[in-house]
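There are 2 protein chains.
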Amino acid sequence: MTQDLPGLDPALAERFAAIVGARYAVRAEADIEPYVHEPRGLFAGVTSLVLRPGSVAEVSAIMKLASETRTPIVPQGGNTGLVGGQVPDRSGGQVVLSLSRLNRIREIDPVSNTVIAEAGVVLDVLHKAADEVDRLYPLSLASQGSCQIGGNLSSNAGGTGVVAYGNARELCLGVEVVLPTGEVFDDLRKLKKDNTGYDLKNLFVGAEGTLGVITAAVLKLYPKPKGREVAWVGLPSAEAALALFNTAQELGGGALTAFELIGRTPMSFAMRHIPDARPPLSGDWAWEVLMEISSGRSAEDARTLMEDILSAGFEADQVGDAVIAASLGQANEFWRLREMLPESQKPEGASIKHDISVPIASIPAFIERAAVVVAGVCAEARVVCFGHMGDGNLHYNISQPAGMEAAAFLALYRDMNKAVHDVVRSMNGSISAEHGIGQLKRDELIATAPPHAIELMRRVKSAFDPAGIMNPGKTI
Amino acid sequence: MTQDLPGLDPALAERFAAIVGARYAVRAEADIEPYVHEPRGLFAGVTSLVLRPGSVAEVSAIMKLASETRTPIVPQGGNTGLVGGQVPDRSGGQVVLSLSRLNRIREIDPVSNTVIAEAGVVLDVLHKAADEVDRLYPLSLASQGSCQIGGNLSSNAGGTGVVAYGNARELCLGVEVVLPTGEVFDDLRKLKKDNTGYDLKNLFVGAEGTLGVITAAVLKLYPKPKGREVAWVGLPSAEAALALFNTAQELGGGALTAFELIGRTPMSFAMRHIPDARPPLSGDWAWEVLMEISSGRSAEDARTLMEDILSAGFEADQVGDAVIAASLGQANEFWRLREMLPESQKPEGASIKHDISVPIASIPAFIERAAVVVAGVCAEARVVCFGHMGDGNLHYNISQPAGMEAAAFLALYRDMNKAVHDVVRSMNGSISAEHGIGQLKRDELIATAPPHAIELMRRVKSAFDPAGIMNPGKTI
């Protein structure tokens with residue numbers, strides 16, 4: 001029974017519930033269930049109360065009460081985060097604040113190329129709203145059917161469009177944030193340029209709800225491309241993939257809208273486990289790349305540019321083989337292959353995942369060196385490497401050896417993490433390129449980041465949230 | 001004599017001087033002169049000591065001593081800032097810290113498309129270094145022959161390339177900062193993606209030296225365009241210019257690398273005062289636009305794209321007349337016209353300047369409404385409006401009426417500022433789009449920004465610089 005849980009005083013729970021009304025104060029255990037687990041099942045939290053406010057005023061009232069009573073609040077969007085940033089701890093004393101009912105698109109302005117969306121707008125809903133006014137909101141994630149804008153911003157989400165359009169941070173012009181005290185910081189300005197004081201917006205973006213609650217944001221829109229081409233490319237080596245990336249960027253510039261690198265092992269998993277999957281190429285390639293070109297001019301222009309890039313790649317021996325999708329259906333099929341890669345890893349057993357970035361030029365060296373240390377930790381482990389090459393960001397996942405006990409493999413978690421992250425650090429890379437810190441990497445961040453940086457982050461945290469009620473136990 | 005000045009104890013000055021050596025401790029009044037005035041002559045400071053450290057270790061030692069002795073430090077780059085952020089106050093107690101000797105390019109990596117430059121590297125020197133490895137550093141400012149990277153970042157400089165490449169902030173991947181205590185915050189990572197904790201980088205960028213001293217930065221490079229076309233366009237109205245901008249962005253995307261709007265009055269001033277200036281077009285246009293297209297593919301491609309945009313503009317009655325520069329010489333001549341606009345305003349007498357931004361869709365309405373309030377303050381004042389239309393950023397300068405006394409006109413400074421800025425605020429715009437706050441707009445920022453925002457900025461300032469020694473009297 002929820003009332004038996006430690007932590008949250010029932011009378012206080014009543015006061016919180018009164019703010020949103022009984023209907024939107026989730027208190028039955030079964031109803032709470034979806035809010036306290038996260039997609040990978042690594043972190044399961046406990047709470048007796050999930051609040052689903054329907055307005056910024058309600059969020060503000062919740063934070064005011066939380067502030068007065070020092071009640072820890074865990075903001076949550078679509079609950080798709082991969083590092084446990086959005087789930088409560090196991091104390092039972094943390095209240096989950098779901099932003100999903102704040103789901104209005106307040107304004108869309110195709111002339112200024114901006115949209116003002118509330119935190120709970122689902123990414124795909126925003127895609128469709130932009131599409132209706134002939135615009136593009138380019139953030140593109142595997143979870144876009146359920147992830148929400150507030151979470152995208154709080155985690156500074158990345159995805160496949162970053163190479164051309166940047167992360168969630170770069171796509172955000174302004175935010176509305178309910179501060180821990182309940183005050184509303186309103187910076188919803190549709191401005192491309194604004195040099196009036198410190199950049200507070202970028203502190204809230206990526207702060208994983210530890211500094212305040214993002215309730216709405218001004219986001220950038222782009223003209224919708226008139227032509228799009230998707231190619232699948234086979235390459236002899238990671239060096240060749242790097243060279244092709246630079247060729248593509250040189251010729252295509254901002255028209256290069258995706259450059260996804262895929263290793264041999266994830267390709268073999270995909271062929272084995274994705275229903276109706278067929279290999280786009282016939283040969284056996286060390287690496288494959290999904291490359292997308294988008295043209296603002298015309299479909300023919302996208303085609304010509306794609307052909308030019310591939311021709312240049314063939315001539316320079318960067319490309320071994322390539323096929324351009326012959327139809328929208330085939331293009332979607334290529335994308336489905338790429339997006340199902342994480343899924344197709346599951347049937348292969350336990351896995352230890354890394355979300356790393358290194359300077360782009362270091363990618364081939366990273367791949368080489370990381371493979372050696374992985375084998376050092378577990379000789380038969382299988383490296384499942386794929387990711388966003390143009391951002392220097394690899395999902396460097398390790399699947400257990402075929403015959404091994406899952407538990408025995410997972411016992412190597414820390415050693416494997418350390419081995420891979422040590423290579424990352426030696427290359428001045430990042431141990432969390434796009435997924436964030438959350439609970440998963442907090443201890444490691446604190447242990448390995450330069451002490452000044454941690455100290456400065458702590459001071460920022462205290463400056464914004466002196467009572468420490470905003471998503472405690474996350475980030476820092 | 002400098003030793004008679006109040007504020008800085010001579011014995012303390014000796015200790016500071018010893019850190020950099022006598023040669024680089026500027027103490028003679030005549031030598032100090034260039035460090036205490038700024039380009040517009042609005043702020044003249046006083047100091048008895050300018051330090052010119054030659055290494056990060058020296059900067060660190062200076063800040064350590066400053067911290068121990070609570071000595072205010074004013075960091076300075078190329079001293080081209082327009083808001084007085086880089087000059088000391090008149091107390092004589094502030095020490096100027098010139099970064100100009102930290103002028104090494106530490107590394108340039110054309111594969112990762114990054115460069116690591118020290119704060120004192122002159123922007124044009126960086127342009128040339130990038131050019132030598134066939135790359136582009138796209139920040140483009142009128143002062144690029146003397147402004148420095150540290151100042152560009154501290155002021156989050158804008159300029160003419162922002163429409164395609166973003167501000168100085170967006171071009172920066174990492175910073176090295178000497179903190180007020182002398183500790184070195186080293187975040188010089190060449191990463192496109194990094195979600196490990198709060199975004200401290202973007203706090204230092206744009207902080208006008210009030211949080212720490214930027215000593216080096218990792219900056220983004222881009223492939224050098226293979227083709228460039230510059231056109232001069234005559235337009236019947238601001239609405240037409242806005243429509244043409246959207247046409248150009250739709251067709252050109254990231255290939256649209258400049259879209260500079262110029263009013264009738266600045267054009268007439270230019271024709272009157274710029275040596276050998278000739279009007280690019282024969283007609284009399286309400287507005288003119290300098291538009292630049294850069295192609296990564298080829299010179300022909302840039303030409304075709306420019307022609308397509310202009311054709312579409314003609315067809316939609318957005319364009320009245322247009323000429324594409326027939327040679328590199330003519331393209332440079334077009335750019336010279338644009339860049340000399342501020343200069344050509346000077347012979348017309350006193351001026352009251354504004355550096356504003358509004359949502360792009362609001363630009364025509366702003367132009368209309370601002371003209372009314374300007375006339376309300378001074379009936380015969382001449383509106384000199386030009387700027388970066390694609391960023392919603394206008395330099396909305398007001399020249400005195402032809403016959404008026406300069407002093408009488410300048411007596412209207414506050415009223416004029418208030419009138420124009422009130423229009424900006426009513427449109428949810430910014431009173432400092434790209435020049436920053438410095439001394440010039442500090443009081444206005446504090447008086448008119450939302451109190452929460454000011455309070456949060458003050459907390460950030462205290463968190464980073466509890467003793468208040470970093471560039472006091474600026475920003476906040």
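As given, the protein sequences belong to chains A and B, one line each in that order. Sequential numbering from 1 applies to the first sequence in UniProt numbering. Sequential numbering from 1 applies to the second sequence in UniProt numbering. Idealized CB from N, CA, C, for every residue including glycine. For clarity, every value in this text was computed on a predicted model and none was experimentally measured.
Helix, strand or coil at residue i [DSSP, three-state]
i: glutamate 183(A); result: coil
i: methionine 470(A); result: strand
i: glutamine 3(A); result: Interpretation of glutamine 3(A) is limited by its pLDDT of 43, a score under 50 that renders its predicted location unreliable; the figure taken from the coordinates is listed afterwards. Three-state DSSP puts glutamine 3(A) in a helix.
i: serine 362(B); result: helix
i: histidine 354(A); result: coil
i: proline 279(B); result: coil
i: valine 205(B); result: coil
i: glycine 390(B); result: helix
i: glycine 429(A); result: coil
i: leucine 12(A); result: helix
i: valine 87(A); result: coil
According to DSSP, residues forming a beta bridge with residue i
i: aspartate 199(A); result: In DSSP, aspartate 199(A) forms no bridge with anything.
i: aspartate 321(A); result: Gly234(A)
i: histidine 452(B); result: Paired residue(s): none; histidine 452(B) is not in a bridge.
i: threonine 47(A); result: Gly92(A)
Opening and closing residue of the alpha helix (DSSP H) in which residue i lies
i: phenylalanine 334(B); result: 328 to 339
i: leucine 123(A); result: 123 to 132
i: tyrosine 165(A); result: 162 to 165
i: asparagine 156(B); result: Looking at the DSSP string, asparagine 156(B) is not in any alpha helix (DSSP H), and its letter there is neither H nor E.
i: proline 75(A); result: Element bounds for proline 75(A): not the alpha helix (DSSP H) but the beta strand (DSSP E), 73 to 76.
i: alanine 407(A); result: 406 to 410
i: phenylalanine 269(A); result: 264 to 273
i: glycine 436(B); result: Here glycine 436(B) belongs to no alpha helix (DSSP H), and DSSP marks it neither H nor E.
Buried versus exposed, by CB contacts within 10 Å (16 or more), residue i
i: proline 466(B); result: exposed
i: proline 34(A); result: exposed
i: arginine 414(B); result: exposed
i: glutamine 3(B); result: The predicted position of glutamine 3(B) is uncertain, since its pLDDT is 43 and thus under 50; a value taken from the coordinates is nonetheless stated next. When all chains shown are included, glutamine 3(B) counts as exposed.
i: valine 372(A); result: exposed
i: glycine 320(B); result: buried
i: proline 450(B); result: exposed
i: arginine 70(B); result: exposed
i: serine 98(A); result: buried
i: alanine 270(B); result: buried
i: proline 342(B); result: buried
i: glutamate 288(B); result: buried
Any chain A beta carbon closer than 9 Å to residue i
i: proline 472(B); result: no
i: arginine 52(B); result: no
i: glycine 253(B); result: yes
i: phenylalanine 366(B); result: no
i: asparagine 113(B); result: yes
i: aspartate 276(B); result: no
i: glutamine 148(B); result: no
i: isoleucine 469(B); result: no
i: leucine 412(B); result: no
i: glutamate 250(B); result: yes
i: leucine 191(B); result: yes
i: valine 162(B); result: yes
Interface flag, residue i vs chain B, CB-CB below 9 Å
i: alanine 361(A); result: yes
i: threonine 47(A); result: no
i: methionine 63(A); result: no
i: glycine 436(A); result: yes
i: isoleucine 398(A); result: no
i: methionine 291(A); result: no
i: lysine 353(A); result: no
For residue i, the first and last residue of its enclosing beta strand (DSSP E)
i: aspartate 109(B); result: 105 to 109
i: valine 95(A); result: 95 to 98
i: lysine 220(A); result: 213 to 220
Check: residue i C-beta below 8 Å from any heavy atom of the ligand NAP
i: threonine 47(A); result: As far as ligands go, the structure on display features none, and thus does not contain the ligand NAP.
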